[in-house]
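Line by line, the protein sequences are chains V and E. Just so you know, we're using this note's numbering here: the first sequence kicks off at 160 and counts up by one. Just so you know, we're using this note's numbering here: the second sequence kicks off at 561 and counts up by one. Note that the Cβ used here is the ideal one computed from N, Cα and C, for glycine as well. From a predicted model like this one, the values you see are computed outputs, not experimental measurements. Note sheet for the following structure.
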Amino acid sequence: MIEIKHVKKSFDNVEILKDVSLNVADGEVVVILGPSGSGKTTLLRCVSFLEKADSGIFSLGDVSVNLHKISKKDILKLRRKMAFVFQNYNLFANKTALENVAEGLVTARKMDKIQAIRKARQALEWVGLSDKENFYPVQLSGGQQQRVGIARAVVLEPEVIFFDEPTSALDPELVGETLEVIKKVAKMGITMIVVTHEMSFAQDVADKVVFMDGGLVVEEGKPEVIFSHPKEARTRQFLSRIISLDPVYYI
Amino acid sequence: MRTFHWDIFLKFYIEILPYLSVTFSYVFFSLLFGFGIGIGITVMKFSGKRILSALASIYISVMRCVPSVVLLFLIYYGLPMMMKGEFGISMDHIGTIVYVIITFSLFLGASTSEIMRAGYLAVGKGQREAGYMVGLSGWQTFYRIIFPQAVRACIPNIGNIIIYMIKEGALAYTIGLQDVLGRGYQLNSLKGNAYSAETYVALALIYWPCTIILEKVFAYIEKKVSLADMIAGQKTEVSMEEI
């Protein structure tokens, strides 16, 4: 169970998160939608301590922390229960695909090296990249890099994985293969919070869709409800702009 | 025009050559201590403490603005005076080379810290965040992820700074150190400065191979460690100018 309560965050007096609360059940896949600047990414970064929130409470399992006042030790402890998939992959440039996946096991979790390598190989195989284990990130396509990024997250067996627009830096051609892998992760039953613009992905995979705008959660609910009968006008407006464009092509 | 005395040139060349050991020893120690100071300054700069970071900036600014020969004189004449006046410590028995090493260590402290800063900044912040998010601590992220990449970014500049040090170190003759230049200067003056051409051609031909060799060595190292060339089977040229 993840509880995010009253998270606020401003950058240079611009309020990005006004007061965001969100509950995520174990094994639930939550997709956060919303226009650019609505605070989706900032929310993920605040609860993974990559940004320091101005206030807010975050609970993961039985650990509950104040996001504004948390010790380095607690950050490290909590981070070792989570994983993050970045928009720009952020694979370690000085390490091969296999080393990237094994790093968190060997260095952070002090797993036996041989065992870690074995697990990392399995994870790479699972994302379909067995043949690329000795490749450096620069040698891989965006889609392949992101799949390594997903393997790097999954191998840690975290309690939750955050996905920050995992496909928006990819060539349209490569989005599909990456989404397939993310769907596989969802089926494993790991709790996931996914920020994305991929509507069909949200429809297929999400247990819950959260629509954010202007630093607030406007609406949340089951995808079939949000997509077909949104309650709020702002949600309808946003969805109509995105979804109605799908079948019709404007030149 | 008088003829060039090849015999004198050769004699000088052979006599000066062993003094390379003096040159190399102050280059080595200046670099050693210079990097030490540089690491300290860089750490101060990135400490997040405003006072420390300001002090580091002032240090770098001063060192970059004072000509090395001025600092050399200041250290050579000023330091013993100060030590004697303030602390009653006599520095009479201390060799000239020590002053040279102090001076250039101070200088290199500033320039190496700038190199390290650039190398550190060359590694994107995403790398650090990725390290944190696989559960590495700040220190683990630094030595496993950031440092190896930063060093690669620094290598061409480190080569340049060693070459710079070899050349700039020649100033040591102004305080009477018998290094390569100092020895050449002395040999020439013993002959009434009659063989300046021979002396300085000999000196040029001593310095030149040293820097060329260093340049090649660093080009080789750079090639060895550059990510592009770690790639098996694929050869990618990375030019020095690019970095």
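- For the stretch 695 to 707 of chain E, the beta-carbon criterion of a distance under 8 angstroms to any beta-carbon of chain V is satisfied by Gly695, Leu696, Ser697, Gly698, Gln700, Arg704, Ile705.
- Counting the other Cβ atoms within 10 Å of the Cβ of Arg624/E gives fewer than 16, which makes it exposed.
- Counting only runs that start and end inside the stretch 186 to 220 of chain V, the beta strand (DSSP E) elements of at least 3 residues fall at 188 to 192, 214 to 219.
- In the structure shown, Leu696/E adopts coil according to DSSP, grouped into three states.
- A Cβ-Cβ contact shorter than 9 angstroms links Met725/E with Phe664/E.
- Identification of residues in the stretch 674 to 687 of chain E having a C-beta nearer than 7 angstroms to some C-beta of chain V yields Gly686, Gln687, given in sequence order.
- Here the C-alpha atom of Ile662/E lies approximately 38 angstroms from the C-alpha atom of His565/E.
- Taking a Cβ-Cβ cut-off of 9 angstroms, the neighbours of Phe243/V in chain E comprise Glu689, Ala690, Tyr692, Met693, Val694, given in sequence order.
- Taken residue by residue, none of the stretch 742 to 768 of chain E has a beta-carbon sitting less than 7 angstroms from a beta-carbon on chain V.
- In its chain, beyond the 5 residues on either side, Met643 have a beta carbon closer than 8 angstroms to the beta carbon of Ile649/E.
- For Val183/V against Val353/V, the beta-carbon gap comes to about 11 angstroms, at or over 8 angstroms, which does not count as contact.
- Taking 4 residues as the shortest admissible run, the stretch 382 to 406 of chain V contains the following complete alpha helix (DSSP H) segments, listed from N- to C-terminal end: 382 to 387, 392 to 402.
- Residues of the stretch 180 to 211 of chain V whose Cβ lies closer than 9 angstroms to any Cβ of chain E, in chain order: Arg204, Ser207, Phe208, Leu209.
- Note on geometry: alpha-carbon atoms of Lys168/V and Ser207/V lie some 14 angstroms from one another.
- For Glu336/V, not one C-beta of chain E is nearer than 9 angstroms to its own C-beta.
- Going by DSSP, Ser169/V is part of the beta strand (DSSP E) stretching over 161 to 170.
- Counting along the chain, Asn720/E sits inside no beta strand (DSSP E); it lies in the alpha helix (DSSP H) bounded by residues 707 to 728.
- One Cα belongs to Leu577/E, the other to Ile735/E, and the distance between them is close to 20 angstroms.
- At a cut-off of 9 angstroms between C-beta atoms, Leu219/V does not count as an interface residue with respect to chain E.
- In terms of Cβ geometry, Ile675/E and Arg688/E do not form a close pair [threshold 9 angstroms].
- As summarised for the stretch 216 to 254 of chain V, the continuous alpha helix (DSSP H) elements at least 4 residues long and confined to that stretch are 231 to 238, given in chain order.
- Straight-line measurement puts the Cα of Val224/V at about 39 angstroms from the Cα of Asn293/V.
- Among the CB atoms of chain E, none fall inside 9 angstroms of the CB of Leu329/V.
- Around Ile620/E, the same chain offers Ala670 as residues with beta carbons nearer than 6 angstroms, after the five sequence neighbours per side are excluded.
- Scanning its chain for C-beta atoms nearer than 7 angstroms, with the 5 sequence neighbours on each side dropped, one finds around Tyr692/E the residues Thr701, in chain order.
- Under the DSSP assignment, Met676/E falls in the alpha helix (DSSP H) whose first and last residues are 656 to 682.
- Identification of residues in the stretch 714 to 740 of chain E having a C-beta nearer than 9 angstroms to some C-beta of chain V yields an empty set.
- The count of Cβ pairs closer than 8 angstroms, one atom from the stretch 278 to 285 of chain V and one from the stretch 299 to 310 of chain V, reaches three, so the stretches are in contact.
- Of the residues Ala710/E, Ile657/E, Phe667/E, the one whose Cα lies closest to the Cα of Val683/E is Ala710/E.
- Assignment of Leu375/V by DSSP, reduced to helix, strand and coil, places it in the strand class.
- Bounds of the beta strand (DSSP E) holding Thr350/V are 350 to 354.
- Taking a cut-off of 8 angstroms on C-beta distances, the stretch 242 to 256 of chain V touches the stretch 312 to 330 of chain V, as three or more cross pairs fall below it.
- For Asn172/V, the number of other beta carbons within 10 angstroms of its own is below 16, and it is reported as exposed.
- Distances from the alpha-carbon of Ala267/V to those of Gly686/E, Val694/E, Val761/E, Gly645/E put Val694/E closest.
- Non-local C-beta neighbours of Asp330/V in its own chain, meaning closer than 7 angstroms and more than five positions away in sequence, comprise Gly301, ordered along the chain.
- Within the model, the alpha-carbon separation for Ala757/E versus Ser590/E is close to 30 angstroms.
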